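Novice: Submitted below is the structure of interest, expressed as structure tokens.
Residue numbers (the numbering used here): 2 to 205.
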């Protein structure tokens, strides 16, 4: 009986091995995207990401503006605990930051104009005598850096809110200035590159 069971197991194993050898083996070429393809795909998604961060700034701005008005109302209410000598600064800062976030696109332009004296972000110079694909790659990189700059600028505003509301830790002010200035430089990355090139005496 045991011998028959062993023989049956051996037959089953042989049958499985035969079936494995009979299975069709096809090779498929796997296309690995290079850096240019990945940047191009990311460039397609950038408009949606810009809309998302703008909508996020609007929502956060309206929330903070209403919260600031509500806190100011409680401060003016004589029956409220906030009217008994509480600091009015957090409510004012919350309202100002909320208004800043509501006008977030305009604030980006203000930051660029303040640093560069130009109303608008410079575009990638596509008239350079290089290959067209390289020009498209340069435009994509500029758009990505500008998006990173917008995110950094938004984060700098949020750091300012923490400072004004008394929730900041040590070094928060430096982080805020770094994000605001660095974000503005990234927003006008072409202008920043031109300034650096002029300073170092480099001609494009």
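Where a beta carbon is used, it is the ideal one built from N, C-alpha and C, also for glycine.
Computed from a predicted structure; not experimentally measured.
If you follow the alpha helix (DSSP H) that residue 181 is in, where does it begin and where does it stop?
Specialist: By one-based count along the chain shown, residue 181 stands at place 180. Its alpha helix (DSSP H) spans residues 173-188.
Novice: Residue 96: buried (16+ other C-beta within 10 angstroms of its C-beta) or exposed?
Specialist: Numbered from its first residue, the chain shown carries residue 96 at position 95. Buried is the call here.
Novice: If I measure Cβ to Cβ from residue 180 and keep anything under 6 Å in the same chain, skipping five residues before and after, which residues do I get?
Specialist: The residue you call residue 180 lines up with position 179 of the chain shown. Excluding residues within five positions, the ones whose Cβ falls inside 6 Å are 153, 156 and 157.
Novice: Would residue 57 and residue 148 be called neighbours here (beta carbons separated by less than 7 Å)?
Specialist: Residue 57 sits at position 56 when you count from the first residue of the chain shown. Residue 148 sits at position 147 when you count from the first residue of the chain shown. Going by C-beta atoms, residue 57 is not nearer than 7 Å to residue 148.
Novice: Would you call the CB atoms of residue 112 and residue 62 closer than 7 Å?
Specialist: Locating residue 112 in the chain shown gives position 111, counting from the first residue. Locating residue 62 in the chain shown gives position 61, counting from the first residue. No, they are not a contact pair.
Novice: In or out: residue 200 buried (at least 16 other Cβ within 10 Å) or exposed?
Specialist: To locate residue 200, count along the chain shown from 1; it is residue 199. So residue 200 ends up on the exposed side.
Novice: Assuming residue 99 is part of the alpha helix (DSSP H), what are its boundary residues?
Specialist: Indexing the chain shown from 1 puts residue 99 at position 98. From DSSP, the alpha helix (DSSP H) with residue 99 extends over 90-103.
Novice: Exposed or buried, which one is residue 177 when buried takes at least 16 other CB atoms within 10 Å?
Specialist: Position 176 of the chain shown holds residue 177. Buried, since its Cβ has 16 or more Cβ neighbours within 10 Å.
Novice: Give me the Cα-Cα distance between residue 174 and residue 94, rounded to the nearest whole angstrom.
Specialist: Residue numbering aside, residue 174 sits at position 173 when the chain shown is read from its first letter. Residue numbering aside, residue 94 sits at position 93 when the chain shown is read from its first letter. The straight-line gap from Cα to Cα measures roughly 15 Å.
Novice: Report the rounded CA-to-CA distance for residue 60 versus residue 162, giving the unit in angstroms.
Specialist: Along the chain shown, one-based indexing puts residue 60 at 59. Along the chain shown, one-based indexing puts residue 162 at 161. When rounded, the distance between both Cα atoms is 15 Å.
Novice: For residue 72, count neighbouring C-beta atoms within 10 Å of its own C-beta (all shown protein chains included) and say buried if the count is 16 or more, exposed if not.
Specialist: Sequence index remark: in the chain shown, residue 72 carries index 71 (1-based). Buried, by the Cβ-count rule.
Novice: Are there 16 or more other CB atoms within 10 angstroms of the CB of residue 109, so buried, or fewer, so exposed?
Specialist: Working through the chain shown from its first residue, we reach residue 109 at position 108. Answer is buried; the Cβ neighbour count reaches 16.
Novice: Count the other C-beta atoms from every protein chain shown that fall within 10 angstroms of the C-beta of residue 189, then say buried if there are 16 or more, exposed otherwise.
Specialist: By one-based count along the chain shown, residue 189 stands at place 188. It counts as buried.
Novice: Among residues of its own chain, excluding the 5 on either side of residue 186, which ones have a beta-carbon nearer than 6 Å to its beta-carbon?
Specialist: Position 185 of the chain shown holds residue 186. The residues are 193.
Novice: So, for residue 101: in the same chain, excluding its five sequence neighbours on each side, which residues have a beta-carbon less than 8 Å away from its beta-carbon?
Specialist: Counting from one through the chain shown, the residue named residue 101 turns up at place 100. Cβ neighbours of residue 101 beyond the five flanking positions: 62, 108 and 158.
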